[in-house]
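Residues in the sequence shown are numbered from -18 upward in steps of one, following the working numbering.
By construction, the Cβ of each residue, glycine as well, lies at the ideal position given by its N, Cα and C atoms.
Structure, as structure tokens:
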Amino acid sequence: MGHFKTISRKRKKQRQFFKLLFIIIIIFFIIFFIKKVKIDTKYLEYLTYNYLGTNLLNKEETTLIDVPVFKEESVPIVYLYNTHQTEKYKYNKLTSYNIDYSVMFASYILQSYLDEYDISSVVETNLVSKVLLDNNLKYKDSYQASRILLEQSIVKYPTLEYFIDLHRDSSIYEKTTCEINGQNYAKILFVIGLEHENYALNLAFAEKLNEKLKAVNPCLSRGILEKSGEGVDGKYNQDFHENTILLEIGGQYNEINEANNTLKVLASILYEYIMEDE
């Protein structure tokens, strides 16, 4: 029996060693990530807890509930959501550690940049997949599900004025990427649904943002895609509010740092537009 106990202790120590090694790798990743991508520490706390079950950035133990996702201390005017929350950017070597980058992650990055302009925003954290399940809907009905979340958001935060649905495209890398001063950026495609009577208001919103984006650099924009007819949603919930917009930030072959570069620019042009709109 003593022999088996010795083996068991050895295996336990081995497991502890590999767990510690894994955590050290994650810490190095976080340090690197903070330098490369501007994002508030509270969201990194959320991610480390989500993937590791512990908070590496704060000595005090935390839970997902304790991590502040919404900015309760100020009045939010921008609602960031993702109808297709599972859309992801290019996989990399960290994917083997279950660390990947979704459009929801991009929403957090944009929120962090908006914070720098003192623009309060909220990121939708409720799962669209659960809304689909609870309402007996299929994936193709995702816009119906996100509509439910939109309607809930305006009840919870009646000060909201701008509703931004972040996606990523599935086009080839060359089509979704541009280079500015040696850095790669994920290009932005504005998508407008024409199948509701007030679409011209959404289109005007997109046109103004697109003009500001091209003023920074024309290569950042893929233009405005107007959609209607069979096989498309046709509304994209833009009948919900005149300042509802769908943005494709890059594509499936873009890396998160390329999306990050663009999101920083997007925050600046949103700030300009909001200041002019007041």
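By a C-beta neighbour count over all protein chains shown, 10 Å radius and 16 as the cutoff for buried, is residue i buried or exposed?
i, result
"Glu26", "Bear in mind that the predicted position of Glu26 carries a pLDDT of just 49, short of 50, making it too unreliable to give a figure here."
"Ile250", "buried"
"Met256", "exposed"
"Gln164", "exposed"
"Asp258", "exposed"
"Thr158", "buried"
"Lys121", "exposed"
"Val103", "buried"
"Lys193", "buried"
"Asn241", "buried"
Kindly give me the distance between the Cβ atoms of residue i and residue j, rounded to whole angstroms, as I take these residues to be in contact under 8 Å.
i, j, result
"Phe144", "Asn63", "With a Cβ gap of about 12 Å, Phe144 and Asn63 do not count as contacting."
"Val112", "Ile135", "Not really, about 16 Å apart at Cβ, beyond 8 Å."
"Tyr82", "Ile226", "Incorrect: roughly 22 Å between the Cβ atoms, too far for contact."
"Leu247", "Ile169", "7 Å"
"Val109", "Ser123", "6 Å"
"Gly231", "Lys208", "No, Gly231 and Lys208 are not in contact; Cβ-Cβ is about 19 Å, not under 8 Å."
"Leu141", "Asn218", "The pair is not a contact, with the Cβ atoms about 13 Å apart (cut-off 8 Å)."
"Glu68", "Arg149", "5 Å"
"Ser55", "Ser88", "Not confirmed; about 18 Å, so no contact."
"Ile261", "Glu178", "No answer is possible for residue 261: it lies beyond the span of the chain, which begins at -18 and ends at 259."
"Leu91", "Leu61", "6 Å"
Need the endpoints of the alpha helix (DSSP H) that residue i sits in, please.
i, result
"Tyr89", "84 to 97"
"Ile129", "123 to 137"
Go ahead and pull the three-state DSSP assignment for residue i.
i, result
"Ser101", "coil"
"Leu61", "strand"
"Gln233", "coil"
"Gln219", "coil"
"Leu114", "helix"
"Asp146", "strand"
"Tyr166", "strand"
"Thr225", "strand"
"Lys119", "coil"
"Lys245", "helix"
"Leu251", "helix"
"Glu259", "coil"
"Lys69", "strand"
So the beta strand (DSSP E) residue i belongs to, where does it begin and stop?
i, result
"Thr158", "158 to 161"
Item checked: Runs of beta strand (DSSP E) lying entirely within the segment 172 to 213, each at least 3 residues, in chain order -> Counting only runs of 3 or more, we get 202 to 208.
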